[in-house]
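Engineer: Here the working numbering is used: the first residue of the sequence shown is 25, the next is one more, and so on.
Quick one: the structure is below, questions incoming.
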Amino acid sequence: MFTKNNFISIIFLSIPLLVLCLSGIFLIPQQADFIREVCNFTLLTISFYALCFLIPSVKAKTILSFLIGLLLSFLVLIKLNFYHIYQVKLSASALFVIFETNAQETSEFLGVYISKTFIFLAVIFSLYLLFYSYLLFRKKVVFQLDCKPFFQIIIKIGLLFLIIISVYLIHWKFDEFNILYKTKTSYEEYQTTKKLIKETLAKFSSPYLHEVRKDSTAPKIAVVVIGESTNRNHMSLYGYYRKTNPLLAKQKNLIVSKDVITPHVHTITALDKILTLNSLGNDRVKNNASIVQLANMAGYKTFWLSNQRPVGLHESVPTLIGYAAKEKQFLNTDNYNRKSYDEVLFPAYKKALQDPAPYKMIFLHLSGTHLGYKERYPNSFEYFKDTALTKYKHEKAFQLINQYDNSVRYNDYIINELLERLKQQNTSSYLLYFSDHGDDVFDAQNTAGHSEFIGTNGMFEVPYITWVSPQFENRLKLNLDILKIENRKYLLDDFIHTFADLSQLHFKGLNKTKSIYDTTFIEKPRVIKGKINYDQQKN
């Protein structure tokens, strides 16, 4: 009934499952997760076995069995590497980030996160697939029932029933551990969310903002600079031992807020809360609005100038928010292999500053210090070459820390240049700079980058810097208590209230106790990763 070659076939298709079992013991930290992963993958493997026996064509069986071996190997490789890096299973939030990622970012990610474990497993699976294809070619691996036609029908009915039971169990018991199912459902949810965002945030105005107005004291020019992946602990303005901010350190009248954190450590989830009415515990999808729409409705001419590529699989969420601006330019749309430094924004920024509109609101979205640090600055900013201070004493750490610090120093030049050009306008204005999240570069983890699954403090701790022109300060008759503002504990999910307060804008629902600048500001518990009180765990 089952020939010797059938048993060889079953053994070879079971090798990915065997690798998962043996490696998972060491790489999957939670025993319960390990058991569920093995159960899920066993059912998936059984389903594929049965499918091979049901197909009548020998050629089709051969092709399908190789593709199944390839797919199972790939799934195990992804699963185990994700556990190795993040110590948790692949989740819907991780897939959302993947859907937002373009080819260049993917290659930069792989350049950092391909580990020895990944390479070892990849070599094993490559050898396995080579030998498996050889056996298939030599017809040593077949899925053929060697029995009378009547018994073949009975067995095939049983195999079909086995597939149905396996798929049922995967769907109802192990769907969270099945990458294929999780990818499908997550992508559908992602597209639904994107559609709703496009219907609300990408439009010039919002029906969910009411009684919008600006005061007569509102600044003529407001500049909001959104950084990327910049950890304030690598900035000399915040006490870092290297001079990564030589230019901003010379600027007078900067308000450098020392205790601001981001709500999330991925761009899509962070900016979805920072730039909109969304906040932790108050997630809006259908009735949301953004700071760009608020500025539009208040009478500002808005500009969205971005050096981030506008597409992942489709438009990214920050891109959709930027679409609401009156003028928008996405300057990083060239070939993915081309470098695009943030200085590419200068001509568009100059043009926006010179625009004759009486009130201008300029948003700049930088590439900042995004992963692939070497690509973020020109060779002339290759400043740090010595051995960096870190508890992780190896060449990769020294190299990436130097590259990251160089990108921070280049970012210092960019912010300083934007500020100097704004000063030249000699009018009532302000510039505000913050980063969407930080990167931990061999600070509290033996790698570089950001992930909410690990979520070290450095990933949440971002720079927040304000400059107010003398003209704006005089018009406001402000006496900003810089010491208080610089030391306030602030979570950026309330930014729309801070933005409106600084810009002298009003809307129904504005709460100045959530503005870092207001005298009525009230500190609140800062929750990260869904349940952790940031201040309590830090202390």
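Note that CB positions come from ideal geometry on N, CA and C, so glycine has one too.
If we ignore side chains and look at the alpha-carbon of each, how far apart do I540 and M385 end up?
Structural biologist: Counted from its first residue, the sequence shown places residue 540 at position 516. Counted from its first residue, the sequence shown places residue 385 at position 361. Answer to the nearest angstrom: the Cα atoms are 20 Å apart.
Engineer: Considering just the uninterrupted stretch of the beta strand (DSSP E) at I250, what are its terminal residues?
Structural biologist: Here residue 250 refers to the residue found at position 226 when the sequence shown is read from its first residue. Note, I250: beta strand (DSSP E), I245 to G251.
Engineer: Near V248, what residues of its chain come up, given a Cβ to Cβ distance below 6 Å and the 5 sequence neighbours on each side ignored?
Structural biologist: As a working mapping, residue 248 is identified with position 224 in the sequence shown. Excluding residues within five positions, the ones whose Cβ falls inside 6 Å are F387 and L456.
Engineer: Tell me whether L443 sits in a helix, a strand or coil according to DSSP, three-state version.
Structural biologist: Sequence index remark: in the sequence shown, residue 443 carries index 419 (1-based). Of the three classes helix, strand and coil, the one that applies to L443 here is helix, per DSSP.
Engineer: Can you pull the DSSP bridge partners for V62?
Structural biologist: Locating residue 62 in the sequence shown gives position 38, where the first residue counts as 1. Note: V62 sits in no beta bridge, so no partner.
Engineer: Hey, how far is the Cα of Y264 from the Cα of F201?
Structural biologist: The sequence position of residue 264 within the sequence shown is 240, counting from 1. The sequence position of residue 201 within the sequence shown is 177, counting from 1. Whole-angstrom Cα-Cα distance: 41 Å.
Engineer: Going by other Cβ atoms of all chains shown within 10 Å of its Cβ, with 16 needed for buried, is Y401 buried or exposed?
Structural biologist: By 1-based counting over the sequence shown, the position of residue 401 is 377. Looking at its Cβ environment, which holds 16 or more other Cβ atoms inside 10 Å, Y401 is buried.
Engineer: Taking only runs that begin and end inside the stretch 219-306, name each unbroken alpha helix (DSSP H) of 4 or more residues, in chain order.
Structural biologist: Taking only runs of at least 4 residues, the alpha helix (DSSP H) segments lying wholly in the stretch 219-306 are 291-298.
Engineer: For A348 versus L529, is the C-beta distance shorter than 8 Å?
Structural biologist: As a working note, residue 348 is residue 324 in the sequence shown. As a working note, residue 529 is residue 505 in the sequence shown. Their beta carbons are not under 8 Å apart, which means A348 does not touch L529 by this criterion.
Engineer: L51 and Y110: beta carbons closer than 8 Å?
Structural biologist: For this step, residue 51 is matched to residue 27 along the sequence shown. For this step, residue 110 is matched to residue 86 along the sequence shown. In this structure, Y110 does not lie closer than 8 Å to L51 by Cβ.
Engineer: Quick check: what's the CA-CA separation for Q332 versus F484?
Structural biologist: The count along the sequence shown starts at 1 and reaches residue 332 at position 308. The count along the sequence shown starts at 1 and reaches residue 484 at position 460. Approximately 21 Å between the Cα atoms of the pair.
Engineer: Exposed or buried, N359, counting other C-beta atoms within 10 Å across all chains shown (16 or more means buried)?
Structural biologist: Within the sequence shown, numbered from 1, the residue matching residue 359 stands at position 335. With a pLDDT of only 43 at N359, under 50, the local geometry of the prediction cannot be trusted, and no value is derived from it.
Engineer: Identify whether A74 lies in helix, strand or coil by the three-state DSSP scheme.
Structural biologist: Along the sequence shown, read from residue 1 onward, the residue named residue 74 stands at position 50. Of the three classes helix, strand and coil, the one that applies to A74 here is helix, per DSSP.
Engineer: By the DSSP assignment, the alpha helix (DSSP H) with F523 in it spans what residues?
Structural biologist: Residue numbering aside, residue 523 sits at position 499 when the sequence shown is read from its first letter. Here the alpha helix (DSSP H) through F523 covers F519 to S527.
Engineer: Where does F354 fall in DSSP's three states?
Structural biologist: Looking up residue 354 in the sequence shown gives position 330. Strand, per DSSP.
Engineer: Looking only at C-alpha atoms, which of I187, G182 and L278 sits nearest to I506?
Structural biologist: Against the sequence shown, residue 506 aligns to sequence position 482. Closest by alpha carbon: L278.
Engineer: On the DSSP letters alone, give me the boundaries of the alpha helix (DSSP H) that F387 sits inside.
Structural biologist: Residue mapping note: residue 387 aligns to position 363 of the sequence shown, counting from 1. F387 -> not in any alpha helix (DSSP H); beta strand (DSSP E) instead, spanning K384 to H389.
Engineer: Taking buried to mean at least 16 other C-beta atoms within 10 Å of its own C-beta, is N320 buried or exposed?
Structural biologist: Position 296 of the sequence shown, counted from the start, is the residue given in the question as residue 320. Classification for N320: buried.
Engineer: Taking Y192 as part of the alpha helix (DSSP H), name the residues at either end of that continuous run.
Structural biologist: Position 168 of the sequence shown holds residue 192. Looking at the DSSP string, the run of the alpha helix (DSSP H) that includes Y192 is P173 to K197.
Engineer: Return the CA-CA distance between Q423 and T414, expressed in angstroms with no decimal places.
Structural biologist: Residue mapping note: residue 423 aligns to position 399 of the sequence shown, counting from 1. Residue mapping note: residue 414 aligns to position 390 of the sequence shown, counting from 1. Q423 and T414: Cα-Cα distance of roughly 11 Å.
Engineer: Residues in the same chain with beta-carbon distance under 7 Å from N361, minus the five sequence neighbours each way, listed in chain order, please.
Structural biologist: Locating residue 361 in the sequence shown gives position 337, counting from the first residue. For N361, the predicted model reports a pLDDT of 41, less than 50, meaning its position is unreliable; a value from the coordinates is still stated below. Nothing listed; no residue qualifies.
Engineer: Bridge partners of S459, per DSSP?
Structural biologist: Residue 459 sits at position 435 when you count from the first residue of the sequence shown. Note: S459 sits in a beta bridge opposite G251.
Engineer: Could you give the first and the last residue of the continuous beta strand (DSSP E) run that contains S330?
Structural biologist: Counting from one through the sequence shown, the residue named residue 330 turns up at place 306. Note, S330: beta strand (DSSP E), K325 to S330.
Engineer: Any contact between the stretch 265-272 and the stretch 306-318? By contact I mean 3 or more CB pairs, one from each, below 8 Å.
Structural biologist: These segments do not touch.
Engineer: Quick check: what's the CA-CA separation for K536 versus D525?
Structural biologist: Locating residue 536 in the sequence shown gives position 512, counting from the first residue. Locating residue 525 in the sequence shown gives position 501, counting from the first residue. If I take the Cα positions, the gap works out to 7 Å.
Engineer: Could you give the C-beta distance for H418 and S253, rounded to a whole number, given that I count them as a contact under 8 Å?
Structural biologist: As a working mapping, residue 418 is identified with position 394 in the sequence shown. As a working mapping, residue 253 is identified with position 229 in the sequence shown. Actually they do not touch by this definition, with Cβ atoms about 22 Å apart.
Engineer: Rounded to whole angstroms, what is the Cα-Cα separation between L534 and P243?
Structural biologist: For the purposes of this step, residue 534 is taken as the residue at position 510 of the sequence shown. For the purposes of this step, residue 243 is taken as the residue at position 219 of the sequence shown. Using only the alpha carbons, I get a separation of about 18 Å.
Engineer: Could you check how far apart the C-beta atoms of R266 and F408 are, in whole angstroms? I think they sit under 8 Å.
Structural biologist: If you number the sequence shown from 1, residue 266 lands on position 242. If you number the sequence shown from 1, residue 408 lands on position 384. Contact flag correct, Cβ pair sits at about 6 Å.
Engineer: What span of residues does the beta strand (DSSP E) with T490 cover, start to end?
Structural biologist: Position 466 of the sequence shown holds residue 490. Taken as a continuous stretch (DSSP letters only), the beta strand (DSSP E) holding T490 covers Y488 to V492.
Engineer: Can you name, in chain order, every residue of its own chain whose Cβ lies under 7 Å from the Cβ of S260, other than the five neighbours on each side?
Structural biologist: Looking up residue 260 in the sequence shown gives position 236. Only R266, K267, T268, N269 and A273 meet the Cβ criterion.
Engineer: So, with DSSP's three-state summary, where would you put N359?
Structural biologist: Counting from one through the sequence shown, the residue named residue 359 turns up at place 335. Confidence at N359 is low in this model, with a pLDDT of 43, below 50, so its placement is unreliable and the value that follows should be read with caution. Three-state result, N359: coil.
Engineer: Nearer than 7 Å: is that true of the beta carbon of P371 relative to any heavy atom of the ligand MG?
Structural biologist: No copy of the ligand MG occurs in the structure displayed, which carries no ligand at all.
Engineer: Just list the residues that DSSP pairs E547 with in beta bridges.
Structural biologist: On the sequence shown, residue 547 is found 523 positions in, with the first residue counted as 1. Paired residues: none, contrary to the question.
Engineer: When we look at the beta-carbon of N64 and count the other beta-carbons within 10 Å, is it buried (16 or more) or exposed?
Structural biologist: As a working note, residue 64 is residue 40 in the sequence shown. By the neighbour-count rule (16 or more Cβ atoms within 10 Å), N64 is buried.
Engineer: Buried or exposed: D467, going by 16 or more other Cβ atoms within 10 Å of its Cβ?
Structural biologist: Counted from its first residue, the sequence shown places residue 467 at position 443. It counts as buried.
Engineer: Determine whether the beta carbon atoms of I178 and A74 lie at a separation below 8 Å.
Structural biologist: Position 154 of the sequence shown, counting from 1, holds the residue named residue 178. Position 50 of the sequence shown, counting from 1, holds the residue named residue 74. Their beta carbons are not under 8 Å apart, which means I178 does not touch A74 by this criterion.
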